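Student: Right, I'll just put the structure down here and ask away after.
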Amino acid sequence: MTTLDLPPALPAVAPARLRPGATARALHGLRRALFIGLPVGLLSTFITYGMGALTDTNPAAEVLGVTATPADIARMNHYFGLDRPFLVQYVSWLGHALTGDLGRSYFTTLPVADSVGRALPVDVSLALVAVSIAVLAGGALGIAAALNNGGRLDRTVTALCAAASTVPPFVIGIGLIVLFSVMIPILPSGGYVPITDDPGQWLRFIILPGLALSADLAADIARQLRTSLVGAMGENYVTGAVVRGLSRRRVVFGHALRNAAGPALTVLGIRIPILIGSTVVAEVVFSLPGLGTLGLDAASRGDIPLIQGTLLAAIVIVVVSNVLVNGALVRLRPQARRTP
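Residue 0 is where the sequence shown starts when you use numbering that gives the first Met the number 0, and the numbers rise one by one after that.
What follows is the structure, encoded as structure tokens:
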């Protein structure tokens, strides 16, 4: 093969030719993600509100107690707006929710938005820390395993990932508490401090629950990235990059990893709803005042507006996270970076 044969055969290693349409393609991908995410979010709010409206519990009777008369219950139902048709209630609730008004608690009469606003930063912090740890740890392990394909390190990473996937988050959480709060007392076993009050203390309180939630996700990311990166390293464009004399670091991180990261990001998008659901367990184990704790307390009292508010906040987190993941996928896919 002569040097004249190389440029036509290796268009994929000339990234400078693929940049002009990247921004437009990325915006198109984000619009497409929003086009999918908004209907999903709307349907989720409908199901959420319907679950509360179709329950056998009569909120007015629960609030007034056993001494309430039918007339008292009817007046309270009218005050809550529960005597209107279901669709009218839903549209009214959704319209107010879009403006930030989630109604008031049936029992405390406090605005639901205020209660959700105090609990939401806990879940957002926990999710961000867990995802960050999972991406960093899972990415490092996956890359290391792929670059040592078939070796001892590869087998060790595979075994660790298999073990991490079989242990529930609450078991990992309890083990972390025993290790780092009892045996080696360097971190608190529970509680929460807002990051705006003390970033250092916030990190000390959030790191253990973040680790507990990240283990399973990190294992999935590592396995998926390892498999896709091994496949990418055998592609023609990687061979061409090596022939052109590019360094191993540039070949792996500049070419192969860009294409191999797509499936791992897809796994991340799929696992985010599961991660959000698992925060309830972490909040119980580590005594965190998050949405899960708020929702459980509301469910025990039959406080429907508060339940709906916490579920709506969780829906927003999931939809926004998936839109961001889809946007990242668009930036990584080679076909989304080519000019029209």
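Backbone N, C-alpha and C fix where the C-beta goes; we use that ideal spot for every residue, glycine too. Bear in mind the structure is a predicted one, so any value in this text is a computation, not a measurement.
#1: Considering Cα atoms alone, identify which of Thr66, Val111, Leu323 and Val115 is closest to Thr265.
#2: For a test of the three-state rule: what should DSSP assign to Pro110, helix, strand or coil?
#3: Whole angstroms are fine: how far does the CA of Ser91 sit from the CA of Ala145?
#4: Does the stretch 193-200 come close enough to the stretch 235-248 that 3 or more CB-CB pairs lie under 8 Å?
#5: Excluding the five sequence neighbours on either side, which residues of its own chain have a C-beta within less than 6 Å of the C-beta of Ile273, listed in chain order?
#6: With DSSP collapsed to three states, give me the class of Arg103.
#7: Inspect the CB distances between the stretch 93-105 and the stretch 173-189 and report whether three or more fall short of 8 Å.
#8: With distances taken between CB atoms, is the gap from Leu228 to Ile173 smaller than 8 Å?
#9: If we count the other Cβ atoms within 10 Å of its Cβ and call it buried at 16 or more, is Thr44 buried or exposed?
#10: What three-state label does DSSP hand Glu234 in the structure shown?
#11: Can you tell me where the alpha helix (DSSP H) with Thr292 in it begins and where it stops?
#12: Would you mind sorting Arg225 into buried or exposed? The rule is 16 or more other CB atoms within 10 Å of its CB.
#13: With burial defined as no fewer than 16 other Cβ atoms inside 10 Å of the residue's Cβ, what is the status of Ala313: buried or exposed?
#14: Would Ala281 pass as a contact of Pro167 if the rule is Cβ separation under 8 Å?
#15: Which same chain residues, not among the five before or five after Thr254, have their C-beta less than 7 Å away from its C-beta?
#16: Looking at the structure shown, is Pro38 part of a helix, part of a strand, or coil, going by DSSP?
#17: Here's the rule I'm using: 16 or more other beta-carbon atoms within 10 Å means buried, otherwise exposed. How should Tyr78 be labelled?
#18: Is it true that the CB of Ala133 sits closer than 8 Å to the CB of Ile220?
#19: What is the rounded straight-line gap between the Cα of Pro288 and the Cα of Arg117?
#20: Keeping to the same chain, check which residues put their C-beta closer than 7 Å to that of Gly306; ignore five residues upstream and five downstream.
#21: Buried or exposed for Val319, please, with buried defined as at least 16 other CB atoms from any protein chain shown within 10 angstroms of its CB.
#22: Does Val128 come out as helix, strand or coil in the three-state DSSP assignment?
#23: At what residue ranges does the stretch 177-241 contain a whole run of the alpha helix (DSSP H), taking only runs of 4 or more?
#24: Excluding five sequence neighbours on each side, which residues of the same chain lie with their C-beta closer than 6 Å to the C-beta of Ala263?
#25: Taking 8 Å as the cut-off, decide whether the C-beta atoms of Ile171 and Ala214 are in contact.
#26: Quick one, are the C-beta atoms of Ile205 and Ser124 less than 8 Å apart?
#27: From which residue to which residue does the alpha helix (DSSP H) around His254 run?
#28: Output yes or no for whether 8 Å exceeds the beta carbon distance between Thr278 and Gly261.
#29: Can you say whether Gln334 is buried or exposed, counting buried as having 16 or more other CB atoms within 10 angstroms of its CB?
#30: Distance, Cα to Cα, Leu97 vs Ala112?
#31: What is the rounded straight-line gap between the Cα of Thr66 and the Cα of Tyr191?
Tutor: With the given structure in hand:
#1: By 1-based counting over the sequence shown, the position of residue 265 is 266. When only C-alpha atoms are compared, the closest one is Leu323.
#2: By 1-based counting over the sequence shown, the position of residue 110 is 111. The answer is strand: DSSP assigns Pro110 an E or B state.
#3: Here the question's residue 145 lines up with position 146 in the sequence shown. Here the question's residue 91 lines up with position 92 in the sequence shown. Rounded to the nearest angstrom, the two C-alpha atoms are 53 Å apart.
#4: no
#5: Taking the sequence shown and counting its residues from 1, one reaches residue 273 at position 274. Closer than 6 Å at Cβ, skipping near neighbours: no residue.
#6: Here residue 103 corresponds to residue number 104 of the sequence shown, with the count starting at 1. Residue state, collapsed to three classes: strand.
#7: no
#8: The count along the sequence shown starts at 1 and reaches residue 228 at position 229. The count along the sequence shown starts at 1 and reaches residue 173 at position 174. It is not a contact, given that the beta carbons lie outside the stated cut-off.
#9: Taking the first residue of the sequence shown as position 1, residue 44 is located at position 45. By the neighbour-count rule (16 or more Cβ atoms within 10 Å), Thr44 is buried.
#10: Within the sequence shown, residue 234 is the residue found at index 235, counting from 1. Note: Glu234 maps to coil in three-state DSSP.
#11: Indexing the sequence shown from 1 puts residue 292 at position 293. Leu290 to Arg300 is the extent of the alpha helix (DSSP H) around Thr292.
#12: Position 226 of the sequence shown, counting from 1, holds the residue named residue 225. Answer is buried; the Cβ neighbour count reaches 16.
#13: As a first step, residue 313 is located in the sequence shown; it is residue number 314 there, counting from the start. Ala313 comes out buried.
#14: Within the sequence shown, the letter at position 282 stands for residue 281. Within the sequence shown, the letter at position 168 stands for residue 167. In this structure, Pro167 does not lie closer than 8 Å to Ala281 by Cβ.
#15: Within the sequence shown, numbered from 1, the residue matching residue 254 stands at position 255. What sits at residue 254 in the sequence shown is His, not Thr. Closer than 7 Å at Cβ, skipping near neighbours: Val12, Tyr236, Val237 and Ala240.
#16: By 1-based counting over the sequence shown, the position of residue 38 is 39. Of the three classes helix, strand and coil, the one that applies to Pro38 here is helix, per DSSP.
#17: Working through the sequence shown from its first residue, we reach residue 78 at position 79. Flag for Tyr78 reads exposed.
#18: For this step, residue 220 is matched to residue 221 along the sequence shown. For this step, residue 133 is matched to residue 134 along the sequence shown. Contact: yes.
#19: Counted from its first residue, the sequence shown places residue 288 at position 289. Counted from its first residue, the sequence shown places residue 117 at position 118. Those two C-alpha atoms are separated by around 8 Å.
#20: If you number the sequence shown from 1, residue 306 lands on position 307. Gly is not the amino acid found at residue 306; the sequence shown has Ile there. Same-chain partners within the cutoff: Gly51, Gly294, Ala297 and Ala298.
#21: Translated into the one-based positions of the sequence shown, residue 319 becomes position 320. Classification of Val319: exposed, given that the 10 Å Cβ count is below 16.
#22: The residue labelled residue 128 in the question sits at position 129 within the sequence shown. In the structure shown, Val128 sits in a helix (DSSP, three-state: H, G or I).
#23: 198-231
#24: Walking along the sequence shown from the start, residue 263 turns up at place 264. Excluding sequence neighbours, Ala263 sits near Ile220, Gln223 and Leu224.
#25: Taking the first residue of the sequence shown as position 1, residue 171 is located at position 172. Taking the first residue of the sequence shown as position 1, residue 214 is located at position 215. Against a cut-off of 8 Å, the Cβ pair of Ala214 and Ile171 comes out as a contact.
#26: Reading the sequence shown from its first residue, position 206 is the one you call residue 205. Reading the sequence shown from its first residue, position 125 is the one you call residue 124. Cβ distance < 8 Å, so Ile205 and Ser124 count as in contact.
#27: Walking along the sequence shown from the start, residue 254 turns up at place 255. Per DSSP, His254 belongs to no alpha helix (DSSP H) and is neither H nor E.
#28: Counting from 1 along the sequence shown, the entry for residue 278 is found at position 279. Counting from 1 along the sequence shown, the entry for residue 261 is found at position 262. No, the pair does not count as a contact, with Cβ atoms beyond the cut-off.
#29: Mapped onto the sequence shown, residue 334 falls at position 335. Reliability of the predicted coordinates at Gln334 is poor, the pLDDT of 48 falling under 50, and the value obtained from them is presented with this limitation in mind. That one is exposed.
#30: Locating residue 97 in the sequence shown gives position 98, where the first residue counts as 1. Locating residue 112 in the sequence shown gives position 113, where the first residue counts as 1. Distance between the alpha carbons of Leu97 and Ala112: 11 Å.
#31: By one-based count along the sequence shown, residue 66 stands at place 67. By one-based count along the sequence shown, residue 191 stands at place 192. When rounded, the distance between both Cα atoms is 40 Å.
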